[in-house]
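I have placed the structure first, in the form of structure tokens, so that the comments after it can refer back to it.
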Ligand code: ARG
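Residue numbers (the working numbering): 2 to 268.
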């Protein structure tokens, strides 16, 4: 009897091990980067950037196009959990590079400068910079009218880099930790203009900003957003790109795009 119990015990154990090996979890392949076999994907973002990443009303939970996209990507990649960490925009790339984050998804423009420090996924959104001024302002009609004016930008962004170049033309630049604070400063008349990403400024105007602000001039740049990955994890970059392809093929990407931008993505 004792022997039989032992035998059964061993059998149960063996079956258990077998099940663990082929269960729904992620299976490690030989030489595979351990970041791909974890259960949890750790994502960083700076959430003052609606409609890409922002807190739900009366809640700390984050929502937006980027947030739903990375959730869907993590799922497609086989992660059981996708945890979002909130940090300063200029802290995201360092956090990816010291492995405090697996990826950063934060409306990041793919730039040559950043490519020296990190890897990017394939582009997932076409964006660009734009200029917003107060509604009653009649003398700033384009970027050429910013000499002697004050411009608000968010720290570490492409908008901040663009504004930096206008300093030689006599513009003064005020840098803020969040995108919301930059727009707030326009309302409070602390600055004459805000330079930021066009879709974010459009959303801000549509959500009530148009009571005191307007967009002027033409698009200042064409930019592509990408997901930020450490150079230590090229396999994670490949896996993300593959899952992005999957989501583009199975309609998930288009569905999210339409939900957040009210139109189909340009082909
Ligand atoms: N696209 C711009 C950049 O990459 C701004 C991104 C700001 N993102 C944010 N979540 N605040 O510099």
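Ideal Cβ placement from N, Cα and C applies to all residues, glycine included.
Examine ligand 1 and report whether any of its heavy atoms sits within less than 6 Å of the Cβ of residue i.
i, result
"residue 114", "no"
"residue 193", "no"
"residue 108", "yes"
"residue 186", "no"
"residue 50", "yes"
"residue 198", "yes"
"residue 72", "no"
"residue 90", "yes"
"residue 180", "yes"
"residue 176", "no"
"residue 47", "yes"
"residue 158", "yes"
According to DSSP, is residue i part of a helix, a strand, or is it coil?
i, result
"residue 24", "Confidence in residue 24 is poor, its pLDDT being 43 and thus under 50, which makes the residue's placement unreliable; the coordinate value appears in the next sentence. Reduced to three states, the DSSP call for residue 24 is coil."
"residue 237", "helix"
"residue 18", "Confidence at residue 18 is low in this model, with a pLDDT of 49, below 50, so its placement is unreliable and no value can be given for it."
"residue 246", "helix"
"residue 93", "helix"
"residue 257", "helix"
"residue 119", "coil"
"residue 35", "helix"
"residue 262", "helix"
"residue 230", "strand"
"residue 212", "helix"
"residue 201", "helix"
"residue 152", "strand"
"residue 145", "helix"
So residue i is in the beta strand (DSSP E); what residue range does that whole segment cover?
i, result
"residue 84", "82-87"
"residue 130", "130-135"
"residue 41", "41-46"
I believe residue i touches residue j by the beta-carbon criterion, under 8 Å. Please report the beta-carbon distance rounded to the nearest angstrom.
i, j, result
"residue 63", "residue 72", "10 Å between Cβ atoms; not a contact."
"residue 194", "residue 150", "6 Å"
"residue 44", "residue 86", "7 Å"
Check for me: the alpha helix (DSSP H) holding residue i runs from which residue to which?
i, result
"residue 113", "113-116"
"residue 166", "159-167"
"residue 193", "Unbroken run through residue 193: none, as it is neither H nor E."
"residue 186", "180-188"
### Task
Indicate whether the contact test is met: 3 or more Cβ pairs, each with one atom in the segment 249-263 and one in the segment 132-144, closer than 8 Å.
no
### Task
Take every Cβ of the segment 192-203, pair it with every Cβ of the segment 112-122, and state whether three or more of those distances are shorter than 8 Å.
no
### Query
Would you call the segment 174-190 and the segment 147-159 in contact, with 3 or more CB pairs under 8 Å?
yes
#### Entry: Inter-stretch contact (C-beta, 8 Å, three-pair minimum) for the segment 257-264 and the segment 160-175
no
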